[in-house]
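Residues 1111 to 1322, numbered by the working numbering, are exactly what the sequence shown covers, in order. Take a look at the structure set out below.
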Amino acid sequence: MAENDGMRSLRPTLRVNGVPVWQELLSPQAQQEAVSAVLEVAETAPFVVPVTPSGRPMSVGMTSAGSVGWITDRGGYRYETRHPSGVLWPPIPEAILAIWRKASGVARPPSSCLINLYREGARMGLHQDKDEGDLTWPVVSVSLGDAALFRVGGTERKGRTESLWLNSGDVAVLSGETRLAYHGIDRIRAGSSSLVPGGGRINLTMRVVAGY
Ligand code: MD6
Ligand code: FE
């Protein structure tokens, strides 16, 4: 098995509109290590409040690790090799790569890990992840800290949606038929976890980006 190295041995505990979710795939220690790794990344590449192409600030803080990072500003949505400050994105920490190996089902490493920070009141509108150039690879999403209401639709915006509360340590994967599913975070349950210093939720999404 060259493509699937066998690490994804556990069955998902449930599916939300076809998207598999492995609940509490990460032990409390693995969650702590992932948060520590994120905080280290943020020392080099601090969280920024991105603005949409129309100029509206998003409610999440955002940074990245890896060869490329996803950004949005007046210039549009895209991947860039540098943080807006000009520094290169730090490498994806080993503790986070280990989650990709466990959950992605593919042998190659991700190009990018987008890191979203949700403080109280933050949300993420319904969207597709479609800027990666090659949409044949999975996107692995890791939830850390406060619970979040995750909404998943189909590949068309107007489709029926299903929702699920994601808890700390849960991992969801968008791949194959659900790779282009619309998804978003309606709200977080502030104070439901004490994992993230200062409170809130961190979401990691690891992706393969064409050419990186
Ligand atoms: C979040 N997640 O959980 C937002 N993207 O905060 C995403 O945008 C996402 O969960 C791609 C694949 C899975 C996801
Ligand atoms: Fe997404």
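Backbone N, C-alpha and C define an ideal beta-carbon position, used for all residues, glycine too. Remember, it's a predicted structure, so these values are computed and weren't measured experimentally.
The straight-line gap separating the alpha-carbon atoms of isoleucine 1202 and valine 1281 is approximately 17 angstroms.
Pairing leucine 1224 with glycine 1255, the inter-Cα distance amounts to about 16 angstroms.
Pairwise C-beta distances place the segment 1226-1240 in contact with the segment 1156-1171, as three or more of them are shorter than 8 angstroms. Burial state of valine 1129 is buried, judged by a 10 Å Cβ sphere holding 16 or more other Cβ atoms.
Exposure of proline 1138 is indicated by the presence of fewer than 16 other C-beta atoms within 10 angstroms of its C-beta. Distances from the alpha-carbon of aspartate 1296 to those of Gly1310, Gly1179, Glu1190 and Ala1258 put Ala1258 closest.
Any heavy atom of the ligand FE within less than 6 angstroms of a residue's beta carbon puts that residue on the list, which reads His1237, Asp1239, His1293 and Thr1315. With contacts defined as CB atoms closer than 8 angstroms, tyrosine 1187 and serine 1222 fail to qualify as a contacting pair. Closest in C-alpha terms to threonine 1288, from the list Val1306, Ser1278, Glu1266 and Ile1298, comes Glu1266. Setting aside the 5 residues that flank it on each side, aspartate 1183 is surrounded in the same chain by Pro1160 and Val1161, each with a C-beta closer than 7 angstroms to its C-beta; the list follows chain order.
Non-local beta-carbon contacts of glutamate 1143 in its own chain, meaning distances under 7 angstroms to residues more than five positions away in sequence, involve Ala1205 in chain order.
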